[in-house]
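Residue numbering for the sequence shown is 36 to 187, as defined by this note's numbering. All C-beta atoms in this analysis are idealised placements derived from N, C-alpha and C, irrespective of residue type, glycine included. To start, the structure itself, in structure tokens.
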Amino acid sequence: MTQRSSARRFYIIIALLTLILAVLIASSFVPHKGTSERFELIENYLQALENKDERSMRRLVHPNFEARAAVQGKIEQLGGNEIALQEVCYSLLKPFITVASLRGSYVDENLQTQQIQERLFLKYEPGPFYIGYKGRWYLSLGQSKSFYSRDN
36 MTQRSSARRF
46 YIIIALLTLI
56 LAVLIASSFV
66 PHKGTSERFE
76 LIENYLQALE
86 NKDERSMRRL
96 VHPNFEARAA
106 VQGKIEQLGG
116 NEIALQEVCY
126 SLLKPFITVA
136 SLRGSYVDEN
146 LQTQQIQERL
156 FLKYEPGPFY
166 IGYKGRWYLS
176 LGQSKSFYSR
186 DN
């Protein structure tokens with residue numbers, strides 16, 4: 036083996052190691068909002084409701100949505116109740132948008148069982164192909180930041 040081919044092999048190995056290192060560094064910047072599974076998103080949503088935890092619920096909402104008022108409304112409506120989830124049905128609306136229909140119940144302050152039915156829009160954000168990142172599920176809750184009002 037010549038010195039020239041040894042040097043070439045060395046530079047190829049260095050380039051590959053640099054590429055692997057860059058991918059590993061990039062994967063450490065993956066956002067830790069949303070969830071990796073649809074049902075995990077529903078469970079975390081219900082837990083945030085039960086705990087009246089606005090911050091945790093907002094972490095479940097897709098970054099393109101302004102959800103502060105919507106989250107506060109959900110917590111005012113159902114927050115603080117231990118919700119017994121009875122059924123979750125998923126309907127694919129578009130390739131990356133799913134509707135989750137929830138049915139459950141909780142016991143109110145008068146010890147009466149209250150039935151709830153709710154529809155949540157879930158958005159899947161796929162991960163980049165070059166990172167070992169599966170993608171994240173988010174709630175589409177509140178006002179989308181990507182649409183402009185007709186008044187503007």
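Rounded separation between E75 and K180 - CA only: 25 angstroms
Cβ pair K169, S71 closer than 7 angstroms: yes
Contact under 7 angstroms by Cβ, R93 with A104: no
Whether E85 touches E111 by CB criterion (7 angstroms): no
Inter-residue spacing [alpha-carbon to alpha-carbon] between I55 and L146: 58 angstroms
Local Cβ density within 10 Å of T133, reported as buried at 16 or more and exposed below that: buried
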